[in-house]
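So the structure is just underneath, and the comments pick up after that.
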């Protein structure tokens with residue numbers, strides 16, 4: 045009897061170990077994927093916890109939640125980005141076109157006639173007044189010489205366009221934070237085109253004019269652009285770095301029906317990135333994109349103002365980092381001389 049009992053105990057131990065073995069292999073497999081990434085970013089996996097719901101609501105617009113997620117190195121990250129949207133000291137841009145708030149202006153003149161001159165941001169008392177026209181997919185914050193001059197009213201959708209006026213002396217440096225918002229926080233995805241986890245895309249175009257309505261600057265390949273948040277990533281080995289260059293162009297952009305295992309990469313923003321004396325010499329040049337690639341041909345916030353953005357004498361180009369699909373938080377800079 046004692047021998048039979050010992051035999052049964054041995055059998056139970058063998059079965060128990062066999063059941064635990066696959067779990068151990070899966071854990072090793074997940075860890076090995078993380079270890080194979082040799083870059084400078086922090087790694088997160090899966091969906092972030094929502095910390096703020098709907099910072100802005102718009103009829104027929106997508107939810108504008110904000111989340112937080114911890115990376116494998118113990119850091120915490122705000123997704124899709126840490127913004128000044130709720131900061132009352134950072135001014136909102138005025139509307140060029142904003143259907144969320146009934147500002148369906150059809151022309152530049154109509155929008156400017158509704159501009160409140162008290163909203164002009166003074167940087168230099170003896171400066172000239174400049175006007176920036178901006179269409180961002182999805183959200184922007186704009187600085188001139190480190191001074192906050194305007195942020196997007198609509199963080200996600202419906203698509204809008206904006207006017208920012210400021211008083212400054214040349215030369216001055218424009219610095220902008222650009223964010224492609226997301227529904228599935230922490231993995232850069234939204235429900236779209238038949239997929240529960242579809243990759244979103246970004247893009248920003250801007251035209252700056254002087255008081256005589258002359259174009260003095262447009263977005264193009266002369267701007268600098270650096271990415272700080274890449275998602276979704278299915279295989280961390282697809283991202284490469286060469287000096288300060290961060291490339292995700294070899295990554296899968298198909299999305300899927302379940303993003304629970306998707307990865308994301310995060311880099312900390314440098315101090316004073318918005319200041320005029322910040323050294324961006326090692327940042328990559330901005331990548332330019334066509335209107336068709338960004339998909340603006342059916343968006344009145346853009347098409348009503350092609351005389352500005354697609355001017356015959358100086359056509360502005362959409363800019364972003366090297367990957368307009370997976371790179372979700374991008375900083376851009378340009379000095380107007």
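Numbering (the working numbering), first residue to last: 45 to 381. Beta carbons are placed, not taken as given, at the ideal position from N, Cα and C, and that holds for glycine. Everything numeric in this text was worked out from a predicted model, so none of it was measured.
Name the two residues that bound the continuous alpha helix (DSSP H) containing residue i.
i: residue 155; result: 152-157
i: residue 164; result: Unbroken run through residue 164: none, as it is neither H nor E.
i: residue 344; result: 344-347
Can you give the Cα-Cα distance for residue i and residue j, rounded to whole angstroms?
i: residue 92; j: residue 316; result: 27 angstroms
i: residue 108; j: residue 144; result: 13 angstroms
i: residue 220; j: residue 302; result: 33 angstroms
i: residue 116; j: residue 241; result: 23 angstroms
i: residue 209; j: residue 126; result: 24 angstroms
i: residue 265; j: residue 330; result: 5 angstroms
i: residue 114; j: residue 282; result: 22 angstroms
i: residue 275; j: residue 340; result: 23 angstroms
i: residue 158; j: residue 202; result: 21 angstroms
i: residue 62; j: residue 80; result: Caution applies to residue 62, whose pLDDT of 39 falls short of 50 and renders its modelled position unreliable; the model cannot decide the point.
i: residue 230; j: residue 243; result: 12 angstroms
i: residue 156; j: residue 254; result: 14 angstroms
i: residue 214; j: residue 185; result: 21 angstroms
i: residue 270; j: residue 111; result: 22 angstroms
i: residue 84; j: residue 308; result: 13 angstroms
i: residue 362; j: residue 168; result: 29 angstroms
i: residue 74; j: residue 188; result: Any reading at residue 74 must be qualified, since the residue scores a pLDDT of 43, below 50, and its modelled position is unreliable; no value is offered.
i: residue 314; j: residue 166; result: 25 angstroms
i: residue 260; j: residue 292; result: 33 angstroms
i: residue 102; j: residue 196; result: 14 angstroms
i: residue 262; j: residue 86; result: 33 angstroms
i: residue 285; j: residue 328; result: 12 angstroms
i: residue 351; j: residue 296; result: 36 angstroms
i: residue 228; j: residue 369; result: 15 angstroms
i: residue 289; j: residue 365; result: 10 angstroms
i: residue 162; j: residue 131; result: 19 angstroms
Exposed or buried, what is residue i when buried is set at 16 or more other beta-carbons lying within 10 Å of its beta-carbon?
i: residue 67; result: Reliability of the predicted coordinates at residue 67 is poor, the pLDDT of 31 falling under 50, and no value is obtained from them.
i: residue 119; result: exposed
i: residue 374; result: buried
i: residue 336; result: exposed
i: residue 146; result: exposed
i: residue 95; result: exposed
i: residue 235; result: exposed
i: residue 226; result: buried
i: residue 304; result: exposed
i: residue 89; result: buried
i: residue 106; result: buried
i: residue 237; result: exposed
Within the continuous beta strand (DSSP E) that includes residue i, where are the two ends?
i: residue 131; result: Residue 131 -> no beta strand (DSSP E), and no H or E assigned at all.
i: residue 92; result: Run containing residue 92: none; DSSP gives neither H nor E here.
i: residue 228; result: Here residue 228 belongs to no beta strand (DSSP E), and DSSP marks it neither H nor E.
i: residue 180; result: 172-180
i: residue 183; result: 183-188
i: residue 250; result: 248-253
i: residue 283; result: Premise fails: residue 283 is in no beta strand (DSSP E) and is neither H nor E.
i: residue 194; result: 191-195
i: residue 304; result: Element bounds for residue 304: n/a, residue is neither H nor E.
i: residue 276; result: 268-277
i: residue 240; result: 239-243
i: residue 207; result: 205-212
i: residue 262; result: 259-262
i: residue 291; result: 289-291
Contact defined as beta carbons within less than 8 angstroms: I believe residue i pairs with residue j. What is the distance between those atoms, to the nearest angstrom?
i: residue 139; j: residue 182; result: Contact flag wrong, Cβ pair sits at about 16 angstroms.
i: residue 268; j: residue 324; result: 5 angstroms
i: residue 344; j: residue 141; result: 6 angstroms
i: residue 164; j: residue 206; result: With a Cβ gap of about 14 angstroms, residue 164 and residue 206 do not count as contacting.
i: residue 217; j: residue 377; result: 6 angstroms
i: residue 193; j: residue 124; result: Residue 193 to residue 124, Cβ: 22 angstroms. No contact.
Taking 7 angstroms as the CB-CB limit, is residue i close to chain D?
i: residue 348; result: Checking the listed chains, one finds no chain D in this structure; it contains a single protein chain.
May I ask you to check if the CB of residue i is nearer than 6 angstroms to at least one heavy atom of the ligand SAM?
i: residue 133; result: Judged by which ligands are present, the structure shown has none, so any question about the ligand SAM falls away.
(request) Tell me the start and end of each unbroken alpha helix (DSSP H) in the segment 311-371 that is at least 4 residues and wholly inside, in chain order. (result) 335-338, 344-347 and 350-353
(message) List, from N- to C-terminal side, the beta strand (DSSP E) runs of 3 residues or more that fit wholly inside the segment 103-148.
(response) 110-114, 120-123 and 138-141
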